[in-house]
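Quick notes on the structure that follows.
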Amino acid sequence: MNLLGVQAIIGIATNIFFIMVSFWALKGLRIESWIKKNHVVQARILYVFFSITIGYTVSNFVLEFLNLSKNLIFLLN
3 MNLLGVQAII
13 GIATNIFFIM
23 VSFWALKGLR
33 IESWIKKNHV
43 VQARILYVFF
53 SITIGYTVSN
63 FVLEFLNLSK
73 NLIFLLN
């Protein structure tokens with residue numbers, strides 16, 4: 003496999019994983035108390051958007067951390 007293809011698969015997998023984890027974690031909050039009554043659809047969309055935002059940010063942090071840690075070997079040369 004091509005190295006870029008493997009990195010793309012890892013990037014997609016980590017994005018999906020952390021979005022799912024953040025969606026699960028947000029279910030522990032009572033965001034419903036912040037939403038007006040009879041606005042269920044808006045609350046669900048807000049959950050999804052928050053999940054995507056948090057999951058994408060955490061995923062980028064983890065991937066960047068892994069890339070930077072791979073480059074630490076050049077410090078020893």
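Counting the sequence shown from 1 gives a position; the working numbering is that position plus 2.
From the three backbone atoms N, C-alpha and C, an ideal C-beta is built for every residue, glycine too.
- Leaving aside the five residues that flank F52 on each side, the residues in its chain whose CB is nearer than 7 angstroms to its CB run, in chain order, L28.
- Secondary structure at N40: coil, using DSSP grouped into helix, strand and coil.
- With 16 or more neighbouring CB atoms inside 10 Å of its own CB, I21 falls in the buried class.
- Per DSSP, reduced to three states, the secondary structure at R32 is coil, with no helix or strand assignment.
- Membership of L77 in the alpha helix (DSSP H) is indicated by the continuous run I75 to L78.
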